[in-house]
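Written out below as structure tokens is the structure these notes cover.
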Amino acid sequence: MSNTPPATTAGPLLETEGLGRRFGGLSAVEDVSIGVRRGEIRAVIGPNGAGKTTLVGMICGRVRPSAGRVRFEGRDVTGVPAWKRVAAGIVYTFQVTSIYGTLAVRDNVALAAQRRLMGSPGAWLRLDEAALAARVEGALHTLGLDVHRDRRAGDLPYGHQRLLEVAMGLALEPRLLILDEPTQGLAEHEIETFCERVRDVASRATVMLIEHNMKVVLRLATRITVMDRGRVIADGDPASVEADPEVQRAYLGRR
Amino acid sequence: MTEPRGRVLALHLGVIAALFAAQFVLSEYHHTNVARIMVLAAYALGYNLLLGYTGLMSLGHAMFFAAGMYGAGLSIYYLGFGAFAGFGLGVLAAAGLAALFGLFALRTTGVSFLIVTMMFGQACYLAILYFNEITLGDQGFILSGRLPEALVEPGVKYNVALAVFAVCFLVSLGIVRSPLGRVLVAIRENEERTRLLGYDTWACKLLALVVSGAMAGAAGAAYALLFSYVGASFAAILHSIYPLLWTLLGGAGTTVGPLLGTGLMFYLVDVTSGWTSAWLFVVGGALLVLVLFFPLGIMGAVRARLAPWLP
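What follows is the structure, given as structure tokens:
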């Protein structure tokens, strides 16, 4: 039939091509070519220093690649600054919790939510406060943070700060949400809740998850990319990755 | 959300109304002082927008004050500009200088930014002295005789000063309470985070710097018009330190703080210099007390303890 889908939905949501980054003589990431499809929960795993954070840093624009290209929805975004990639839908949540500690929980989320309402120059001076509040409440509710909305963000327990970080990401209405070690430092029962929240999020956005906790990875991931010493050594569905002998040697075997 | 909004507006309009009413009760001496304080407070308001809300500390703001002062003064002195045109040119000169300066200086942050502002500020000061033949910088020059008669009237002076202050006061309130103001505070608290929320933090900082410079320039131009004197001493580093002290004393990151800090410091110097030639000792002591007991400044402490709704 002549009814072909538009080019932007045909290919993968995110594609990297020969992506690499050197720091002096050290090659942190080398020749990474991966594709992430819409609706996936993609886990990126690998031992410490494998280059996971550097890789997603290049995807979201925090780190400038020394080789290769990043394409998002078919568009080359390699030279696009980080803040513009957010507008395109690439949202990164920090490995080390990075919230506005002195502001209220609600104001933290509002700063993320208002970004989406500030399309016109006039909105920088005045915007629809009711629409803003609705978005903030929505994001707080999804992460179960409603009751804490008026607290100082810095006073929240660590687990809740991690959730707030995700709520801020969510309020940006991401198309690709990158979570960098989101469960690090969470207690066992918090991890349970967290996994449920991420599933919720995944119904609306594609998720990229850097994670050390294999239980979380196996529960959530629809596809896994394994990195070691800057390179991708395996890429596939959870079962085949688990069975891969090189993965077992390089990563799982060391644990 | 709506209830403090009314209170905030009432407070700010009340401050302006009180300053307007004060001219009818003040003695001649204090009348002149308050006019001067209002002009200098406009300078502090601009400074506060950058330090208090955007988190950028400058030690070169005197160059913007001087750009306003010389923009107005030179155009009136040499080109026969009227008071309004001179004032407008002064504000434009300061805003333009701030934009140009920002293109270079905003590549740095924190302490490096502080040092770059200081170096640029000193360069401007020395440039004014170097081009002495044009600027008459070392002696200074007076504008009397070249300005409208009316500007000699104390009542007119007072109300012009009030108008300049009121505009800067309401503009800074408007910015602080707008979505833009919230982004500026976010940059102050955590710039990297703010960039990753999709904000062009560099452009926001440049805008804050230009508005801040324009307010400093408006104060400088008004100073030249109202007090009739233009001189290089206003570009010296001491004049960059003053707005920092006024802002810290009154409360950085509060809208009312700069006025309060400027007024208090002005009278502190005024009163103590009447007692002793060692008045800087007294001023220094007062600042020590402030830093030890009110690190947030006066309005900062009021907001923290009594009135959290203050902007």
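Residue numbers (my numbering), protein chains in the order written: chain A, 1 to 255; chain B, 1001 to 1311.
Even glycine gets a Cβ: it sits at the ideal position worked out from N, Cα and C.
Note that the structure is predicted; figures quoted are calculated from it, not measured.
Starting from residue i, trace the alpha helix (DSSP H) both ways and give me its first and last residue.
i: S1076 (chain B); result: Note that residue 1076 (chain B) corresponds to Ile in the displayed sequence, not to Ser. From DSSP, the alpha helix (DSSP H) with I1076 (chain B) extends over 1062-1079.
i: G1213 (chain B); result: 1201-1227
i: L1162 (chain B); result: 1154-1176
i: M1265 (chain B); result: 1257-1275
i: V29 (chain A); result: No alpha helix (DSSP H) contains V29 (chain A), which is instead part of the beta strand (DSSP E) from 26-32.
i: A1127 (chain B); result: 1110-1130
i: I1298 (chain B); result: 1297-1305
i: A153 (chain A); result: Segment: none, A153 (chain A) is in no alpha helix (DSSP H) and carries neither H nor E.
i: Q1023 (chain B); result: Looking at the DSSP string, Q1023 (chain B) is not in any alpha helix (DSSP H), and its letter there is neither H nor E.
i: R116 (chain A); result: Unbroken run through R116 (chain A): none, as it is neither H nor E.
i: Y1043 (chain B); result: 1028-1048
i: F1084 (chain B); result: 1083-1105
i: H140 (chain A); result: Note on identity: in this sequence residue 140 (chain A) is Leu, with His being the wrong assignment. It spans 129-142 - the alpha helix (DSSP H) in which L140 (chain A) sits, taken as one unbroken run.
i: A202 (chain A); result: 188-202
Label residue i either buried or exposed according to how many other C-beta atoms from any shown protein chain fall within 10 Å of its C-beta, with 16 as the threshold for buried.
i: L26 (chain A); result: exposed
i: H160 (chain A); result: buried
i: T1276 (chain B); result: exposed
i: I1134 (chain B); result: exposed
i: Y1029 (chain B); result: exposed
i: G61 (chain A); result: buried
i: P5 (chain A); result: Interpretation of P5 (chain A) is limited by its pLDDT of 42, a score under 50 that renders its predicted location unreliable; no figure is taken from the coordinates.
i: N1190 (chain B); result: buried
i: N3 (chain A); result: Its pLDDT being 44, under 50, N3 (chain A) is placed unreliably in this model, and the coordinates cannot settle the point.
i: R1007 (chain B); result: exposed
i: D146 (chain A); result: exposed
i: F1293 (chain B); result: exposed
i: T1002 (chain B); result: Because T1002 (chain B) sits at a pLDDT of 45, beneath the cut-off of 50, its placement in the model cannot be relied upon, and the following sentence gives the value as read from the coordinates. So T1002 (chain B) ends up on the exposed side.
i: F1169 (chain B); result: buried
i: S1075 (chain B); result: buried
i: N48 (chain A); result: exposed
i: R1107 (chain B); result: exposed
i: D180 (chain A); result: buried
i: P1179 (chain B); result: buried
Within the same chain, show all residues whose beta-carbon is closer than 8 Å to that of residue i, passing over the 5 residues directly before and after it, in chain order.
i: D275 (chain A); result: Nothing can be reported for residue 275 (chain A), as the shown portion of chain A is limited to 1 through 255.
i: P1148 (chain B); result: G1082, A1083
i: M1119 (chain B); result: G1060
i: M168 (chain A); result: T93, I99, N108, V109, L111, A112, A139
i: F1087 (chain B); result: A1072, A1218, A1221, A1222, L1225
i: A1307 (chain B); result: none
What does a CB cutoff of less than 6 Å around residue i pick up in its chain, not counting 5 residues either side in sequence?
i: A1099 (chain B); result: V1210
i: R231 (chain A); result: E30
i: A1222 (chain B); result: V1039, V1164
i: S1240 (chain B); result: L1059, G1060, H1061, A1062, G1121
i: M1 (chain A); result: Here the model assigns M1 (chain A) a pLDDT of 39, short of 50, so the residue's position is not dependable and the matter cannot be decided.
i: G35 (chain A); result: P12, E15
i: M1057 (chain B); result: L1051, L1114
Could you tell me the boundaries of the beta strand (DSSP E) in which residue i lies?
i: R38 (chain A); result: It is not in any beta strand (DSSP E) - R38 (chain A) carries neither H nor E in the DSSP assignment.
i: I233 (chain A); result: 231-236
i: R21 (chain A); result: 14-23
i: A68 (chain A); result: Checking the displayed sequence, the identity of residue 68 (chain A) turns out to be Gly instead of Ala. Segment 67-72, the beta strand (DSSP E) holding G68 (chain A).
i: L1197 (chain B); result: It is not in any beta strand (DSSP E) - L1197 (chain B) carries neither H nor E in the DSSP assignment.
i: M208 (chain A); result: 206-210
i: M1057 (chain B); result: Premise fails: M1057 (chain B) is in no beta strand (DSSP E) and is neither H nor E.
i: A223 (chain A); result: According to the sequence shown, residue 223 (chain A) is Arg rather than Ala. That run of the beta strand (DSSP E) goes 223-228.
i: I1237 (chain B); result: Unbroken run through I1237 (chain B): none, as it is neither H nor E.
i: V91 (chain A); result: 90-93
Excluding the 5 residues preceding and the 5 following residue i in the sequence, name in chain order all residues of the same chain whose CB lies nearer than 7 Å to its CB.
i: R21 (chain A); result: A28, V29, T54, M58, V63, P65, S66
i: D1138 (chain B); result: L1129, N1132, A1232
i: T183 (chain A); result: I191, F194, E211, N213, V216
i: L1026 (chain B); result: V1034
i: L275 (chain A); result: Here chain A comprises residues numbered 1 to 255, so residue 275 (chain A) is not present and cannot be evaluated.
i: T1054 (chain B); result: L1184, I1187, R1188, K1205, A1208
i: T1201 (chain B); result: I1187, E1191, T1194, R1195
i: V1269 (chain B); result: W1279, V1283
Check whether the Cβ of residue i sits closer than 6 Å to any heavy atom of the ligand NAD, and report yes or no.
i: F1293 (chain B); result: Because no ligand of any kind appears in the structure shown, any question about the ligand NAD cannot be addressed here.
Validate contact between the stretch 1074-1081 of chain B and the stretch 1243-1258 of chain B using beta carbons, cut 8 Å, 3 pairs
no
Between the stretch 1243-1252 of chain B and the stretch 1038-1053 of chain B, do three or more beta carbon pairs fall short of 8 Å?
yes
With three or more C-beta pairs closer than 8 Å as the rule, is the stretch 1217-1237 of chain B touching the stretch 1283-1300 of chain B?
no
So does the stretch 82-91 of chain A actually touch the stretch 142-162 of chain A, counting three or more Cβ pairs closer than 8 Å?
no
4-residue-minimum alpha helix (DSSP H) runs that sit fully inside the stretch 157-185 of chain A, ordered along the chain:
158-171
Contact the stretch 227-244 of chain A vs the stretch 185-200 of chain A: 3+ CB pairs below 8 Å:
no
Taking 8 Å as the threshold, find out whether the stretch 1201-1216 of chain B comes into contact with the stretch 103-115 of chain A through three or more Cβ pairs.
no
Under 8 Å: do the stretch 217-224 of chain A and the stretch 235-249 of chain A share three or more Cβ pairs, one atom per stretch?
yes
Per the contact definition of three or more C-beta pairs closer than 8 Å, is the stretch 38-52 of chain A in contact with the stretch 205-212 of chain A?
yes
If we count Cβ pairs, one from each stretch, closer than 8 Å, do we get three or more for the stretch 1174-1186 of chain B versus the stretch 124-136 of chain A?
yes
Do the stretch 1064-1073 of chain B and the stretch 1088-1108 of chain B touch if we need at least three Cβ pairs shorter than 8 Å?
yes
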